[in-house]
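In my numbering, the protein residues as written are 1011 to 1429.
Rendered as C-alpha cells:
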C-alpha cells in the first residue's frame, strides 16, 4: 500500500514539473515573440515597393522607418533632377522638373510609407509577416507649383512668346504702303500645366509647348478703311511779297512737313519735323519778331508755315494742344488765327483725334504755301473758323461745326493780344 501511494505522489510531481516547464517555455516564447513584434513594429513590411514613374521600383521592405524615409527622399531628389525638354517652333529649352515647379507631396508620401510598417498590433503584425504586398506609386504624390511654372515661363520662355504687330500705314517715296499685321504667340499656360503634370507622372521627358496664336488688334482690312484718301481740309496763305531769304525758309519748312502720317492718337509737334534752323541745313536770315519788335534771325518766315498748318488743322477739327500768338499782328492771316514758333520756346502741337489716319501734305509755289490734311471725311460735316476783333490789338477766335448745314458745336478757341 505504501508503494502505491509513493508512485502516485511521484507521478503527480512529474506532471507538475512538465506543466511548469511548458508554462516557462510558453512564457519565454511569448516574451520573445512580443519582443520581436516590438522590435519589428518600426520596420517596413516586406514586399513594400516604391514604384517610380518609369515603371521600375525600389524595395523599402525590411528597412527601419527612418531608413525608408531617407531612401524615399533620395529617390525624390533624383526624380526632381530629371531633365525636361520643352520644344517650340523657334526654340528648345531644357530644365529640371524642380525648376519648372514640379514637386512631391513629401508629407503625404511619408504618411503612406509609415502605414506600411508591421506596427505594434500583434495580430496585424503577424498577418503582415505572413502575407503583405504594397505598391506605392510616386505619381500619386506629384504636384505642380503654378506660380513657379508661370515664373519659369516669364523668365525662360519669354523669347518664345511674341507680341502681335498691328497692321500699319507708312510712306515710301511719297506712296502710302500698308504693312500687314503679324500674329503673335503666347504660351497656353493652362494646357502647359496639364502637359507638364502628365509628363512628370510618366517617363516622358520631351514635350511640345502649347502655344496660342494672338491676333493683332488692327488688321490690313482695318487700315484700308482708315486710309487718308480724301482732303478733309486745306488752307493757303500768300507770301509772294517776301524777300528771298524768307521765301526760302518757307519753302524749306513746308518741304520738311510734307507727307507726314499720323495714326489715331498721334501728336504732331512742329520742331520734331523741322529740326534745327542752321545755315548748314539751308535756312536763311530773314525778318522775325523779337521782344515785340521787328528784327532779323535765321529761319525767319517759319511762323507762316506753322500758322498755315494751324489753320488747316483747325479746319480738319483736330485737337490743338499748343499754340501761341505772335507779339505783333501778321498780315497773312486774320488777327487771332496765327501760330508763332520759336526754337526751344514756342511750338505748335495738335493731336489726331479722329478714328483714322491723317496725312499732312504741303506745297509751295512762288506766291503761296498750302497745307492739305487728308483723312476720311465725315459725310455732311463742315467746319468754319473765324475771329472777331475786340480792339485794335485783341481778337477772339472761334470754330463752328456743322452737320448737314446745322450748327452742332460752337467753340471758343481763345483770345489773342498783340502789341
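Positions of the beta carbon are idealized from the N, C-alpha and C atoms, including for glycine. Predicted, not measured: the structure shown is a model, and the values here were computed from it.
Requested in this report: Only counting runs of 3 or more residues, tell me where the beta strand (DSSP E) segments fall wholly within the region 1307-1383, in order along the chain.
Outcome: Here the runs fully enclosed are 1329-1332, 1359-1361 and 1368-1374.
Requested in this report: Would you identify the three-state DSSP class for residue 1163, choosing helix, strand or coil?
Outcome: Of the three classes helix, strand and coil, the one that applies to residue 1163 here is helix, per DSSP.
**Report entry** Helix, strand or coil at residue 1283 according to DSSP, with G and I counted as helix
**Finding:** Under the three-state reduction of DSSP output, residue 1283 falls in the helix class.
Query raised in the report: Using the beta-carbon count (16 or more within 10 Å), is residue 1159 buried or exposed?
Result: Per the 10 Å Cβ criterion, buried.
Report task. Let me know the beta strand (DSSP E) ranges lying completely inside the region 1165-1243, each 3 residues or longer, listed in chain order. Result -> Listed in chain order, they are 1178-1182, 1185-1189, 1194-1197, 1216-1218 and 1221-1224.
Query - Alpha-carbon spacing of residue 1415 relative to residue 1395, whole angstroms - result: Taking C-alpha positions only, residue 1415 is separated from residue 1395 by approximately 15 Å.
Requested in this report: Can you give me the start and stop residues for the alpha helix (DSSP H) that residue 1124 sits inside?
Outcome: Counting along the chain, the unbroken alpha helix (DSSP H) around residue 1124 starts and ends at 1116-1124.
Requested in this report: Assign residue 1212 to buried or exposed, taking buried as 16 or more other Cβ atoms, counted over all protein chains shown, within 10 Å of its Cβ.
Outcome: So residue 1212 counts as exposed.
**Report entry** For residue 1419, the first and last residue of its enclosing beta strand (DSSP E)
**Finding:** First-last of the beta strand (DSSP E) with residue 1419: 1416-1427.
Query raised in the report: Given a threshold of 16 other Cβ atoms within 10 Å of its Cβ, counted over all protein chains shown, does residue 1048 qualify as buried or as exposed?
Result: Reliability of the predicted coordinates at residue 1048 is poor, the pLDDT of 46 falling under 50, and no value is obtained from them.
Query - Test item: CB-CB of residue 1098 and residue 1221 under 8 Å - result: Cβ atoms of residue 1098 and residue 1221: closer than 8 Å.
**Report entry** Check whether residue 1312 and residue 1263 have beta carbons under 8 Å apart
**Finding:** Residue 1263 sits close to residue 1312, with the two beta carbons spaced by under 8 Å.
Report task. State the DSSP-derived secondary structure class of residue 1085, mapped to helix, strand or coil. Result -> Three-state DSSP puts residue 1085 in a helix.
Query - Residue nearest to residue 1283 in terms of C-alpha spacing, selected from 1113, 1190 and 1372 - result: When each option's Cα is compared against that of residue 1283, the closest is 1372.
Query - Run of the beta strand (DSSP E) containing residue 1066, from where it starts to where it stops - result: Neither: residue 1066 is in no beta strand (DSSP E) and is coded neither H nor E.
Query raised in the report: Among the residues of its own chain, which have a CB less than 7 Å from the CB of residue 1154, if the five just before and after it don't count?
Result: Residues 1111, 1112, 1203, 1206 and 1207 of the same chain have their beta carbon placed closer than 7 Å to that of residue 1154, with the five preceding and five following residues left out of the count.
Report task. Identify the continuous beta strand (DSSP E) that holds residue 1105 and give its terminal residues. Result -> Unbroken beta strand (DSSP E) run through residue 1105: 1102-1106.
Query raised in the report: Using a Cβ-Cβ cut-off of 7 Å (strictly less than) and excluding sequence neighbours within five positions of residue 1184, which residues of its own chain qualify?
Result: Around residue 1184: 1269.
Report task. Please classify residue 1056: does DSSP put it in a helix, a strand, or coil? Result -> Looking at residue 1056 - three-state DSSP - the assignment turns out to be coil, as it is neither helix nor strand.
Query - Assigned exposure category for residue 1385 - 16 Cβ within 10 Å defines buried - result: By the neighbour-count rule (16 or more Cβ atoms within 10 Å), residue 1385 is buried.
Query - For residue 1381, the nearest candidate out of 1053, 1317 and 1235 (CA to CA) - result: Closest option to residue 1381, Cα to Cα, is 1317.
Query raised in the report: Are the region 1397-1408 and the region 1416-1426 in contact at 8 Å, needing three or more beta carbon pairs?
Result: At 8 Å Cβ cutoff, the stretches touch.
Report task. Check residue 969 in the structure and name its three-state DSSP category. Result -> No information on residue 969 is available, as it lies outside the stretch 1011 to 1429 that the chain covers here.
Query raised in the report: residue 1266 by DSSP, collapsed to three states: which one?
Result: Here residue 1266 sits in helix by DSSP.
Query raised in the report: Are the region 1222-1242 and the region 1188-1202 touching by the rule of at least three beta carbon pairs closer than 8 Å?
Result: In short, these stretches touch, since the Cβ pair count reaches three.
Query raised in the report: Is it the case that the Cβ atoms of residue 1170 and residue 1180 are separated by a distance below 8 Å?
Result: The Cβ atoms of residue 1170 and residue 1180 lie no closer than 8 Å to each other.
Requested in this report: Answer with buried or exposed for residue 1191, where buried requires no fewer than 16 other C-beta atoms within 10 angstroms of its C-beta.
Outcome: Residue 1191 is buried by the Cβ-count criterion.
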